[in-house]
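Taking it in order: structure first as structure tokens, then the write-up.
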Amino acid sequence: MAVVVLDKICKTFGTKFHAIKDLSLTINDGEFLILVGPSGCGKSTALRMIAGLEEISSGTLSIGGENVEDLAPKDRDIAMVFQNYALYPHMTVFENIAFSMKLAGKSKEERTKRVHEIAKTLQLHTLLDSKPAALSGGQRQRVAMGRAMVREPAAFLMDEPLSNLDAKLRVQMRAEIVSLQRQLGVTTIYVTHDQTEALTMGDRVAVLKGGVLQQVDTPKTLYSRPVNAFVAGFIGSPSMNLFEGRLQNGRIELPAFSIPLSTTTFEHSPGLAAFEGKTVIFGIRPEDLYDSSLESGSRYATIPALVKTIEELGSELIVHLKIEAVRIDSGDPDAVEDLSGAANAVAKFEAVSAVQPGAMIHLAIDASKLHFFDPQTHLAL
Ligand code: ATP
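Going by the UniProt record's numbering, the first residue of the sequence shown is number 1, and it counts up by one from there.
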């Protein structure tokens, strides 16, 4: 059973800089776990500590029930796939994949058999005599996977393995890696800064910020029940809109508009009622905002909004708006937030919407989809 257990792991660089703080995480046997977070949050450092490439400052780490803090990387029974693939340019695909078996003193017969098995799984069998320079990005990626697989490790560790590929190939390789991982059933820890990659690939996703684990959950739960405003803003694209408002008599009141809440909202957000008469942060995802002219009846409350720009994506429109509100910074250092003046809001409209830049519109809001956060702690209510 290749369960990987991190228990109160810390990493300090120099005397003061805490890159990882008290990270406790159990990755189950056969699980595909994604470590995600903005640049500099410590995800590569965490992976490198699991690999043994970086010393652990404090805490314990076990792989398959064995404490490995004092083991060299080669003795940890893990295989790592890096961003740059680290293939040997002078060796053929066959030799690259077989290299670690050769080092381990396996016979030529054994090597040939195993490499052919793997090449078949990865659809590399026609390329075994090629050198890396003659391969496409996706093929090189598969060779790097092959090199990791040949060792039959207890766990795969992958650090942004798709970041050198173009957008189309990335999407294709995501699916390939997921299906390969399912097929092999090997515990996998995968680092990315791309939340779409995280949501589409992981059984569970661990979100890091500033070296601190924020939430570890299934993609669905992260999306529907983020534990704080940071996770709410980081997960989902475009990001959740976060604003300030005052809770008053079952409504969120702002100077220019108010949004009525239903009793189910208070059931879903049990901490909300305690904020009666006070300011809260409320969040709404772009897909829960609508062009009211396309809505029949008065299903939703509406907010006056000015259309700034529109991105046409074919199947939908990403509409950038201004509303009279105070926008809240989710704390994601990678997000470009304009917090000045009237607040920016982003909505996803159906492609049939006829909104035009410069127009004032009534923006419909599905209040049952609102998320609420404590304005001081940013924790979900
Ligand atoms: P990215 O997505 O940009 O690769 P990351 O989340 O993987 O970022 P890490 O590379 O783990 O981040 O780095 C975490 C923090 O630790 C950063 O602030 C980085 O500058 C710092 N750091 C990493 N390695 C060292 C080192 N050897 N010495 C000092 N500081 C380091």
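Here a beta-carbon is modelled for each residue, glycine too, at the ideal position from N, C-alpha and C.
Nearest to residue i by CA position, among the options, is which residue?
| i | options | result |
| --- | --- | --- |
| residue 362 | 371, 368, 164 and 324 | 324 |
| residue 287 | 224, 127 and 349 | 349 |
| residue 273 | 374, 86, 91 and 77 | 374 |
| residue 170 | 137, 202 and 151 | 137 |
| residue 63 | 57, 2, 259 and 184 | 2 |
| residue 163 | 315, 194, 294 and 207 | 194 |
| residue 245 | 49, 24, 351 and 327 | 327 |
| residue 182 | 282, 345, 31 and 290 | 31 |
| residue 351 | 364, 318 and 345 | 318 |
| residue 277 | 253, 289 and 269 | 253 |
| residue 41 | 280, 28, 68 and 20 | 20 |
| residue 131 | 122, 92 and 150 | 92 |
| residue 28 | 370, 6 and 263 | 6 |
| residue 4 | 250, 38 and 77 | 77 |
| residue 18 | 211, 263 and 104 | 211 |
| residue 103 | 67, 150, 118 and 72 | 150 |
| residue 221 | 289, 307 and 235 | 235 |
| residue 321 | 314, 303 and 263 | 303 |
| residue 299 | 262, 270 and 269 | 262 |
| residue 309 | 201, 45 and 354 | 354 |
| residue 119 | 68, 180 and 75 | 180 |
| residue 275 | 250, 225, 36 and 223 | 250 |
Rounding to the nearest angstrom, what Cα-Cα distance links residue i and residue j in this structure?
| i | j | result |
| --- | --- | --- |
| residue 343 | residue 305 | 10 Å |
| residue 16 | residue 257 | 47 Å |
| residue 203 | residue 52 | 24 Å |
| residue 143 | residue 87 | 8 Å |
| residue 357 | residue 367 | 25 Å |
| residue 55 | residue 129 | 38 Å |
| residue 248 | residue 205 | 36 Å |
| residue 233 | residue 243 | 11 Å |
| residue 90 | residue 167 | 28 Å |
| residue 8 | residue 215 | 15 Å |
| residue 11 | residue 106 | 37 Å |
| residue 199 | residue 25 | 18 Å |
| residue 14 | residue 57 | 11 Å |
| residue 285 | residue 345 | 10 Å |
| residue 339 | residue 330 | At residue 339 the pLDDT is 49, less than 50, meaning the model places this residue with poor confidence; the figure from the coordinates comes in the next sentence. Approximately 11 Å between the Cα atoms of the pair. |
| residue 108 | residue 316 | 56 Å |
| residue 391 | residue 240 | Not covered by the structure: residue 391. The range shown for the chain is 1 to 381. |
| residue 111 | residue 50 | 28 Å |
| residue 153 | residue 184 | 11 Å |
| residue 71 | residue 146 | 24 Å |
| residue 428 | residue 23 | In the structure as shown, the chain starts at 1 and stops at 381, and residue 428 therefore has no counterpart that could be examined. |
| residue 385 | residue 134 | Past the boundaries of the shown model lies residue 385; the chain is included only from 1 to 381, so the question cannot be answered. |
| residue 176 | residue 191 | 16 Å |
| residue 123 | residue 117 | 10 Å |
| residue 307 | residue 292 | 13 Å |
| residue 126 | residue 178 | 23 Å |
| residue 218 | residue 39 | 22 Å |
| residue 313 | residue 347 | 13 Å |
| residue 67 | residue 48 | 16 Å |
Taking the DSSP output, what are the residues bridged to residue i?
| i | result |
| --- | --- |
| residue 266 | Its beta-bridge partners do not exist; DSSP assigns none. |
| residue 320 | 309 and 346 |
| residue 304 | 362 |
| residue 371 | 283 |
| residue 157 | 80 and 189 |
| residue 215 | 207 |
| residue 11 | 20 |
| residue 58 | 10 |
| residue 244 | 281 and 326 |
| residue 26 | 5 |
| residue 253 | 246 and 258 |
| residue 228 | 379 |
| residue 110 | Note: residue 110 sits in no beta bridge, so no partner. |
| residue 234 | Beta-bridge pairing links residue 234 to no other residue. |
| residue 34 | 190 and 205 |
Leaving out five residues on either side along the sequence, give the residues of the same chain with a beta carbon under 8 Å from the beta carbon of residue i.
| i | result |
| --- | --- |
| residue 165 | 137, 138, 141 and 173 |
| residue 83 | 159, 160, 161, 163 and 164 |
| residue 280 | 244, 245, 246, 247, 252, 272, 372, 373, 374, 375 and 381 |
| residue 100 | 147, 150 and 151 |
By Cβ distance, which residues of its chain are closer than 7 Å to residue i, with the 5 residues on each side in sequence left out?
| i | result |
| --- | --- |
| residue 156 | 79, 81, 148, 186 and 188 |
| residue 196 | 237 |
| residue 301 | 259, 260, 365 and 367 |
| residue 213 | 23, 25 and 206 |
For residue i, collect the residues of the same chain with a Cβ closer than 6 Å to its Cβ; drop the 5 residues on either side in sequence, then sort them by chain order.
| i | result |
| --- | --- |
| residue 378 | 228 and 229 |
| residue 115 | 94, 97 and 98 |
| residue 283 | 232, 240, 242 and 371 |
| residue 290 | 364 |
Give a yes or no on whether the minimum CB-CB distance between residue i and chain B is below 8 Å.
| i | result |
| --- | --- |
| residue 179 | As a matter of chain content, chain B is missing from the structure shown, which is built from one protein chain. |
Practice task
Measuring from each Cβ to the nearest heavy atom of ligand 1, keep the ones under 5 Å and list them in chain order.
Solution key: 13, 19, 39, 40, 41, 42, 43, 44, 45 and 193
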